[in-house]
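Just so you know, we're using this note's numbering here: the sequence shown kicks off at 134 and counts up by one. Here's the structure we're looking at; comments come further down.
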Amino acid sequence: MTRGGSRAAAARYLGIALGALQSATVTIRAWQKMPGNADAYQDALQRIAEIAAATEASS
Numbered sequence: 134m135t136r137g138g139s140r141a142a143a144a145r146y147l148g149i150a151l152g153a154l155q156s157a158t159v160t161i162r163a164w165q166k167m168p169g170n171a172d173a174y175q176d177a178l179q180r181i182a183e184i185a186a187a188t189e190a191s192s
């Protein structure tokens, strides 16, 4: 999110294997269908992006 790329690009940047990303995506999408989870997931991603951006800026 902080770099404006795809999840696959983020996974490569973070050293996460594409297979692990795909497996996690399937699990997360199923979990997101439960009430309130999609919003909670987006909030968590936003917080992680803010932390990453702050860390990158202070490096």
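For every residue, glycine included, the Cβ atom is placed at its ideal position computed from N, Cα and C.
Asked	Found
Given a cut-off of 8 Å on the beta-carbon distance, is the pair A171 and Q165 in contact?	yes
Return the CA-CA distance between Q175 and A150, expressed in angstroms with no decimal places.	22 Å
Which residues bound the alpha helix (DSSP H) around A173?	170-191
How long is the line joining the alpha carbons of S139 and L154, rounded to whole angstroms?	12 Å
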